[in-house]
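Comments concern the structure below.
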Amino acid sequence: MDKRCLALALVLAACSSPVPPPPSEEDAGIIIGGCKLAYLGDPSAEPIMEVIALDPEREIQPISDGSSVSLIFPPQGGRVVFAGVRATNVDPCAVRIAGALRDPVTKQVRLDNRTVNLAPTDDGYGRSAPTDISSFSNIAACPNQWAEDDLFDKPYELTVSLTDRDGKKVTKIMTVTPRCDEPGREAECLCMCAGDYILGMQCDPDAGPSDPDLDAGADGAADASGGSP
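Each residue of the sequence shown is one higher than the one before, counting from 14 in this note's numbering.
Below you can see the structure in the form of structure tokens.
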């Protein structure tokens, strides 16, 4: 077989290869983050949402009007309110959560928006996962450069909204009281969340276990300067 015949045979073989079938309806579209979770609840019903937050033990607590919310130390520093949702009758994939804390005096707002996949629970709901802080709105409250008063033990307005991929939306607005109640971090929280906090002010971290070597060094320095042992 000469080269021309060989080339023609290869072309015909390529043309006769089976055409891949079109994607099935189940596979259609690109799902954000590979999320293929089942729909939560009834697609034809109005969305139902409850606001939740993380407490100092990183446990979920339900939040309603008049509740306290914890000001928690996050990886990025400062203090945040971890505000999340528990919802049904929504698509759990690529849900947009928006959380905002408003000063009732200055009307200034601190907010955080993020897109998350809700973790399904056995009761037909999905929620922000307590083991994943990125599934909560991380509302940066402190250092306090925006509120007129202390950011703790005072009432503030909390707004949390949920929007799913189909455009279903639900919003809850309530009055909450932030608290500096994280064990071992209260003093620093009370400092940086105070109404009179000034940017750059040093807030000493809460006292922890003492280091014997450092203590000995401090005693030695005191002795050298004539202080009592």
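Every residue, glycine too, gets a C-beta built ideally from N, C-alpha and C.
Please read these numbers as outputs of a predicted model, since none were measured by experiment.
Anticipated Cβ contact below 8 Å, V103 with K181, distance rounded: Walking along the sequence shown from the start, residue 103 turns up at place 90. Walking along the sequence shown from the start, residue 181 turns up at place 168. Sure, about 6 Å apart at Cβ, within 8 Å.
Got a sec? Which residues, its chain only, sit under 7 Å from L124 by beta carbon, not counting five neighbours each side? Translated into the one-based positions of the sequence shown, residue 124 becomes position 111. Excluding residues within five positions, the ones whose Cβ falls inside 7 Å are A111, G112, A113 and I152.
Pick out whichever of Q158, M187 and A200 has its Cα sitting closest to the Cα of L212. Working through the sequence shown from its first residue, we reach residue 212 at position 199. Nearest option by C-alpha distance: Q158.
According to DSSP, is L164 helix, strand or coil? If you number the sequence shown from 1, residue 164 lands on position 151. Of the three classes helix, strand and coil, the one that applies to L164 here is coil, per DSSP.
Taking Cβ positions, are F86 and R198 nearer each other than 8 Å? One-based indexing of the sequence shown puts residue 86 at position 73. One-based indexing of the sequence shown puts residue 198 at position 185. Yes, the Cβ-Cβ distance between F86 and R198 is below 8 Å.
Taking 7 Å as the limit between beta carbons, can you name the residues of its chain near E72, skipping five residues before and five after? In the sequence shown, counting from the first residue as 1, residue 72 sits at position 59. In its chain, beyond the 5 residues on either side, P143 have a beta carbon closer than 7 Å to the beta carbon of E72.
My assumption, with CB atoms under 8 Å, is that A100 sits in contact with Y138. Please give the rounded CB distance. Along the sequence shown, one-based indexing puts residue 100 at 87. Along the sequence shown, one-based indexing puts residue 138 at 125. With a contact defined as Cβ atoms closer than 8 Å, A100 and Y138 qualify at about 6 Å.
Which runs of the alpha helix (DSSP H) spanning at least 4 residues fall entirely within the stretch 98-139, listed in chain order? Segments of the alpha helix (DSSP H) lying fully in the stretch 98-139: there are none.
Put M205 into one of helix, strand or coil per three-state DSSP. The sequence position of residue 205 within the sequence shown is 192, counting from 1. Here M205 carries a helix assignment [DSSP, helix/strand/coil].
Where do the ends of the beta strand (DSSP E) carrying N151 lie? Translated into the one-based positions of the sequence shown, residue 151 becomes position 138. Where N151 is concerned, the enclosing beta strand (DSSP E) stretches over S150 to C155.
Comparing the CB of C204 with every heavy atom of the ligand ATP, is any distance shorter than 7 Å? No copy of the ligand ATP appears in this structure; indeed no ligand is present at all.
As assigned by DSSP and simplified to three states, the class of E59: The count along the sequence shown starts at 1 and reaches residue 59 at position 46. Looking at E59 - three-state DSSP - the assignment turns out to be coil, as it is neither helix nor strand.
For the beta strand (DSSP E) containing T172, list its first residue and its last residue. Taking the sequence shown and counting its residues from 1, one reaches residue 172 at position 159. T172: member of the beta strand (DSSP E) spanning Y169 to T176, first to last residue.
Alpha carbons only, please: which of E70, D116 and Q89 is nearest the one belonging to L171? By one-based count along the sequence shown, residue 171 stands at place 158. When E70, D116 and Q89 are compared, the shortest CA-CA separation from L171 is found for D116.
Indicate the three-state DSSP secondary structure (helix, strand or coil) for C147 in the structure shown. Translated into the one-based positions of the sequence shown, residue 147 becomes position 134. Residue identity differs from the one stated: residue 147 is Ser in this sequence, not Cys. In the three-state DSSP reduction, S147 falls in the helix class (H, G or I).
Measuring CB to CB, does D78 end up less than 8 Å from T188? Walking along the sequence shown from the start, residue 78 turns up at place 65. Walking along the sequence shown from the start, residue 188 turns up at place 175. The Cβ atoms of D78 and T188 sit closer than 8 Å to each other.
N-terminal and C-terminal residue of the beta strand (DSSP E) that Q74 is part of: Walking along the sequence shown from the start, residue 74 turns up at place 61. I73 to I76 is the extent of the beta strand (DSSP E) around Q74.
As a quick exercise: from D136, G208 and V129, pick the residue whose alpha carbon is nearest that of S147. Along the sequence shown, one-based indexing puts residue 147 at 134. Residue nearest to S147 within the set D136, G208 and V129 is V129 (criterion: CA-CA distance).
Collapsed DSSP secondary structure at A200 in the structure displayed: In the sequence shown, the residue the question calls residue 200 occupies position 187. When DSSP states are grouped into helix, strand and coil, A200 belongs to the helix group.
Shortest alpha-carbon distance to G109 belongs to which of R178, M214 and P196? The sequence position of residue 109 within the sequence shown is 96, counting from 1. Sequence check: residue 109 is Arg here, not Gly. Here the closest residue by C-alpha is R178.
Sub-8 Å separation of L84 and F165 beta-carbons: Taking the first residue of the sequence shown as 1, we reach residue 84 at position 71. Taking the first residue of the sequence shown as 1, we reach residue 165 at position 152. In contact: L84 and F165 (Cβ atoms closer than 8 Å).
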